[in-house]
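Asks: As given, the protein sequences belong to chains G, D and W, one line each in that order.
When we follow my numbering, the leftmost residue of the first sequence carries the number 191, and every step to the right adds one.
When we follow my numbering, the leftmost residue of the second sequence carries the number 5, and every step to the right adds one.
When we follow my numbering, the leftmost residue of the third sequence carries the number 13, and every step to the right adds one.
Beta carbons are placed, not taken as given, at the ideal position from N, Cα and C, and that holds for glycine.
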Amino acid sequence: MRRALLPLLLLAGCSKGPEVDLQYIAEARSLGFEWAMVNDLASRGKLTPAYVATMRESLREQLGTTASALTQPQSQYGNQIRALIAEPANAPAAKLRTHAGKLKQIEDSLESN
Amino acid sequence: MKPDSLIKLVSELLDLPLYDVDGKYCGVVDDVELTGGPGKDLKLKALLVGPGAYKGRLPGWAMWLVTKIAGNRITRVPMDKVNSIGAAVHLECSGWQLGLHKSERRAAEWIPHEGAL
Amino acid sequence: MNPIELTLGIMTAVGGFVDISQVVFAALAGSVFGYSLIWVFALSTVGIIVYGEMSGRVAAVAKQPVFNLIRHRLGLKLGLITLAASLLSTLITCAAEIGGLGLLLRYLTGAPYLLMAAISTVTLMACIWVLPFKWIERIFGLLGLLMLVFVFALTAIDPPWEKIAAGFLPQIPPSLSSKELLNFSYFAVAIFSAVMFPYETYFYSSGGIEEEWGPKDLRTNRITSIVGMALGSLLSIAILASAAQLFGPAGVGPQIPGSVALQTAIPFGPIGLVLALLGILFAVAGAAIETCMANAYSIAQFFGWIWGRHKKPWEAPRFTIAWVSLLLLSLAIVLTGVDPMSLVQYAIVFSILVLPLTYLPLMLLADDKKYMGKHVNGRLAKVLGWLFFVMIAVMAVAALPLFLITSGGQG
């Protein structure tokens, strides 16, 4: 029984697809909304310049790491994440929320399947 | 003396901290030295302090590692220098007399003697 | 009991309670599960109060620190295993704290993270070298009280207080999928680990010896443990509750430590932001010192070296070499470039694995009339101590599988 399980486990570990990428989609969604929050607060003068610059850099760096971890980078969600990363650091919060919102929809639909 | 008394004493004595007559902390009882043998009275001769005394209490590979890190020094504390044994072992003399602070002295040569409030 | 000393002790305990792991997991827990993990913070705080009080009592009555007694009680072999396990988990925790310092200074100044981590380490080294023990504790503990800004921020955003209160009752949110339930379980284990880190009892008991506690200080020990740690946990709960109110509905699950400061920026602007970052900075710096010293105490006490910061560094040379080396080793781990958030996760998992080895000897010692005399564990301490021991033993078994299955709570 154990011998039969091992190749299955190995296969599971090597599998690709939206199920495996779900955690990265959630991560990118969260980072996108957070980036939007930072830019929104920055535009209202609630943050220091050093903090804004550092947070933007960290968040975009994390998004890059998340994008490179995708097993299906050419998918709809992969394109959405790349579009998010392509936004300038000081992009309007509403635009960033739009990208993150689309990722949220993909995430919700994958979770309900 | 009951047959299990010395063994019980030794097991209680091992790993106790040592304090000298000035109240200075001098280390831990790492092993004990016994005299006597089969058919003879067993007596406590000395306490052994230092990483070298772990031999016999640790497996070979662990002893090798300890020796590489901490050396294999053993300092012998004769039982006649022991004043009392309770939650700690209290000595009748200074730890320096018995050579119990040699490693600290050597290590102190590496430490700058200034800057602390 | 000197009321000023007692008050300072409590305030130090409050400001020194939180570390980088608690900050990270409080914010994540609130954003993902709302208020439903507050009870885990509360329960684990009771656990650390029980064991913290025990370790202080052992130090005051037996007048020996915990690791001396662990070696005598468990013997050389098992004692060495306990020492090795606790050294590893506390070293990783120290590295996580230093990584946290680097990040926090980066958020404050914009300067490079690794440079800030190195400067932090050198500064901590200078503090431990120059300052007497009490000053070290007091300075970082009291400055950590800047984190009270999180409590004020929570009040300012007018949260649902009835939901926060309800969060103190043990619960599992209804209708969780099996994946979410596993995540919830991992968060519960992680919070327990973050609150009950083993280094806390080693540092607390050794600190008691440093300050020459005796039986007359038992009441102070009890009050400081209970009041100080309980109030300290409110800081973490405030972060969790703010995250539930501000991050969860906004779709934010904070991935980096700097995110938590947004909670204070929202109501109070840049001043709130800076106070939050400074508060976390000093709390984390205090935790870095505690983890480094806890390891140095453990090594020195186990091998019978002269130890203690109540002595000048050259009066306890091997102990000094130990804490300097441990700080540098922690920095070296950070300089490998490992993600500080990963270090936090590893610290959490390693620590929960080691917790049973830490708390079992402490329970046995505090229960032993030969060492404790009339100050042996009473019925309440005994019952609570064993109850928490069973809980952490179960969590120690579950921690690694949960970490792997949930990818560290990421789902």
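Which whole-angstrom value is the C-beta distance of L341 of chain W and T94 of chain W, which I expect to be below 8 Å?
Replies: Position 329 of the third sequence, counting from 1, holds the residue named residue 341 of chain W. Position 82 of the third sequence, counting from 1, holds the residue named residue 94 of chain W. With 8 Å as the limit, L341 of chain W and T94 of chain W do not qualify as a contact, their Cβ atoms being about 20 Å apart.
Asks: Along the chain, which unbroken stretches of the beta strand (DSSP E) at least 3 residues long are found entirely within the segment 16 to 100 of chain W?
Replies: Whole beta strand (DSSP E) segments, 3+ residues: zero.
Asks: Strictly below 9 Å CB to CB, what residues from chain W border Q295 of chain G?
Replies: By 1-based counting over the first sequence, the position of residue 295 of chain G is 105. None at all; the shortest Cβ gap to chain W is about 11 Å.
Asks: Would S107 of chain D pass as an interface residue toward chain W - the criterion being a Cβ-Cβ separation below 9 Å?
Replies: One-based indexing of the second sequence puts residue 107 of chain D at position 103. Yes, its Cβ sits closer than 9 Å to a Cβ of chain W.
Asks: Could you tell me if K292 of chain G is buried or exposed, where buried requires 16 or more neighbouring beta carbons within 10 angstroms of its beta carbon?
Replies: Taking the first residue of the first sequence as 1, we reach residue 292 of chain G at position 102. Per the 10 Å Cβ criterion, buried.
Asks: Short check: CB of K44 of chain D to CB of S98 of chain D, under 9 Å?
Replies: On the second sequence, position 40 is the one that residue 44 of chain D refers to. On the second sequence, position 94 is the one that residue 98 of chain D refers to. It is not a contact, given that the beta carbons lie outside the stated cut-off.
Asks: Output the boundary residues of the beta strand (DSSP E) element that contains G31 of chain D.
Replies: Mapped onto the second sequence, residue 31 of chain D falls at position 27. Start and end: Y29 to V32.
Asks: From the DSSP output, in three-state form, read off A194 of chain G for me.
Replies: Counted from its first residue, the first sequence places residue 194 of chain G at position 4. Any reading at A194 of chain G needs caution, since the residue's pLDDT is 44, under 50, leaving its predicted position unreliable; the model's value is listed next. Helix.
Asks: Using 8 Å as the cut-off, can you tell me whether the segment 82 to 89 of chain W makes contact with the segment 57 to 67 of chain D, which would need three or more C-beta pairs spanning the two stretches below that distance?
Replies: Verdict: yes, contact present.
Asks: Could you tell me the boundaries of the alpha helix (DSSP H) in which P239 of chain G lies?
Replies: Your numbering for residue 239 of chain G matches position 49 in the first sequence. Segment P239 to A259, the alpha helix (DSSP H) holding P239 of chain G.
Asks: My output table needs one value for R80 of chain D: the three-state DSSP class, helix, strand or coil.
Replies: Numbered from 1 along the second sequence, position 76 holds the residue referred to as residue 80 of chain D. In this structure, R80 of chain D counts as strand in the three-state DSSP scheme.
Asks: Step through the CB atoms of chain G and report whether any lies within less than 9 Å of the CB of G111 of chain W.
Replies: Counting from 1 along the third sequence, the entry for residue 111 of chain W is found at position 99. Output row for G111 of chain W: interface = no.
Asks: Compute the beta-carbon to beta-carbon distance between G270 of chain W and Y125 of chain W, rounded to the nearest angstrom, for a pair I have assumed lies under 8 Å.
Replies: Taking the first residue of the third sequence as 1, we reach residue 270 of chain W at position 258. Taking the first residue of the third sequence as 1, we reach residue 125 of chain W at position 113. That belief does not hold up - the Cβ atoms of G270 of chain W and Y125 of chain W are roughly 11 Å apart, past 8 Å.
Asks: From the DSSP output, read off the bridge partner residues of T39 of chain D.
Replies: Stepping through the second sequence from its first residue, residue 39 of chain D is reached at position 35. According to DSSP, T39 of chain D bridges with D:K47.
Asks: Can you tell me whether DSSP reads K236 of chain G as helix, strand or coil?
Replies: What you label residue 236 of chain G is simply residue 46 of the first sequence in a count that begins at 1. Residue state, collapsed to three classes: coil.
Asks: Buried or exposed, going by whether 16 or more other CB atoms sit within 10 Å of the CB of S248 of chain G?
Replies: As a first step, residue 248 of chain G must be located in the first sequence, where it is residue number 58. Counting Cβ neighbours within 10 Å, S248 of chain G comes out buried, since at least 16 surround it.
Asks: Could you check the C-alpha separation between R110 of chain D and E327 of chain W for me, to the nearest Å?
Replies: Position 106 of the second sequence, counted from the first residue, corresponds to residue 110 of chain D. Position 315 of the third sequence, counted from the first residue, corresponds to residue 327 of chain W. About 12 Å.
Asks: Comparing the C-beta of W51 of chain W with each C-beta of chain D, is any distance below 9 Å?
Replies: Within the third sequence, numbered from 1, the residue matching residue 51 of chain W stands at position 39. Judged by the 9 Å Cβ criterion, W51 of chain W is not in contact with chain D.
Asks: Nearest by alpha-carbon distance to R83 of chain W: which of W:L412, W:K382 and W:L374 is it?
Replies: To locate residue 83 of chain W, count along the third sequence from 1; it is residue 71. Here the closest residue by C-alpha is W:L374.
Asks: Who are S88 of chain D's beta bridge partners in DSSP?
Replies: For the purposes of this step, residue 88 of chain D is taken as the residue at position 84 of the second sequence. Looking at the DSSP assignment, S88 of chain D forms a beta bridge with D:H94.
Asks: Please look up how many angstroms separate the CB atoms of V44 of chain W and G265 of chain W, rounded, as I've assumed it's under 8 Å.
Replies: As a working mapping, residue 44 of chain W is identified with position 32 in the third sequence. As a working mapping, residue 265 of chain W is identified with position 253 in the third sequence. So it is a contact: roughly 6 Å between Cβ atoms.
Asks: Can you pull the chain G neighbours of V286 of chain W, defined as C-beta to C-beta under 7 Å?
Replies: Start at 1 with the first residue of the third sequence, and residue 286 of chain W comes out as number 274. Here the neighbours are T238.
Asks: Going by DSSP, which residues form a beta bridge with L62 of chain D?
Replies: The residue labelled residue 62 of chain D in the question sits at position 58 within the second sequence. D:K59, per the DSSP bridge assignment.
Asks: What are the residues that DSSP puts in a beta bridge with P21 of chain D?
Replies: Position 17 of the second sequence, counting from 1, holds the residue named residue 21 of chain D. BP columns for P21 of chain D point to D:V32.
Asks: Would the C-beta of S205 of chain W count as close to the ligand ATP, meaning under 8 Å from any of its heavy atoms?
Replies: This structure lacks the ligand ATP; in fact it carries no ligand of any kind.
Asks: On the criterion of 16 or more Cβ atoms from any shown chain inside 10 Å, does T284 of chain G qualify as buried, or is it exposed?
Replies: One-based indexing of the first sequence puts residue 284 of chain G at position 94. The amino acid at residue 284 of chain G is misidentified as Thr; the sequence shows Ala. It is exposed - the Cβ of A284 of chain G has fewer than 16 other Cβ atoms within 10 Å.
Asks: From the beta carbon of A202 of chain G, is the nearest beta carbon of chain W less than 9 Å away?
Replies: As a position in the first sequence, residue 202 of chain G is number 12, starting the count at 1. Residue confidence is low: A202 of chain G scores 47 on pLDDT, short of 50, so the model does not pin down where it sits. Its coordinate-derived value is still stated next. For A202 of chain G, the answer is no, since every Cβ of chain W falls outside 9 Å of its Cβ.
Asks: Under three-state DSSP, which class holds V350 of chain W?
Replies: Indexing the third sequence from 1 puts residue 350 of chain W at position 338. It is coil, neither helix nor strand.
Asks: Using the C-alpha atoms, what's the distance from L293 of chain W back to A300 of chain W?
Replies: As a first step, residue 300 of chain W must be located in the third sequence, where it is residue number 288. As a first step, residue 293 of chain W must be located in the third sequence, where it is residue number 281. C-alpha separation (whole angstroms): 10 Å.
Asks: So, with DSSP's three-state summary, where would you put V52 of chain D?
Replies: For the purposes of this step, residue 52 of chain D is identified with residue 48 of the second sequence, where counting begins at 1. It should be noted that the sequence gives Leu, not Val, for residue 52 of chain D. Strand.
Asks: Provide the residue span of the alpha helix (DSSP H) that contains N233 of chain W, from first to last.
Replies: Looking up residue 233 of chain W in the third sequence gives position 221. Per DSSP, N233 of chain W belongs to the alpha helix (DSSP H) from L230 to I235.
Asks: Going by C-alpha to C-alpha distance, which of W:G64, W:L81, W:I140 and W:F400 sits closest to M384 of chain W?
Replies: Along the third sequence, read from residue 1 onward, the residue named residue 384 of chain W stands at position 372. The option with the nearest alpha carbon to M384 of chain W is W:L81.
Asks: Could you name each continuous alpha helix (DSSP H) segment of 4 residues or more that falls completely within the segment 211 to 277 of chain W, going from the start of the chain to the end?
Replies: For the segment 211 to 277 of chain W, whole alpha helix (DSSP H) runs of length 4 or above, ordered along the chain, are 230 to 235 and 241 to 258.
Asks: Out of D:L51, D:S15 and D:K47, point me to the one whose CA is closest to L22 of chain D's CA.
Replies: Locating residue 22 of chain D in the second sequence gives position 18, counting from the first residue. The residue with the shortest Cα to Cα distance from L22 of chain D is D:L51.
Asks: Within the same chain, show all residues whose beta-carbon is closer than 6 Å to that of L199 of chain G, passing over the 5 residues directly before and after it, in chain order.
Replies: Your numbering for residue 199 of chain G matches position 9 in the first sequence. Per-residue confidence for L199 of chain G stands at a pLDDT of 46, beneath the threshold of 50, marking its modelled position as unreliable; the derived number appears in the next sentence. The answer is none, since no qualifying residue turns up.
Asks: Please tell me whether I404 of chain W has its Cβ less than 9 Å away from any Cβ of chain D.
Replies: Numbered from 1 along the third sequence, position 392 holds the residue referred to as residue 404 of chain W. No, I404 of chain W does not count as interfacial toward chain D.
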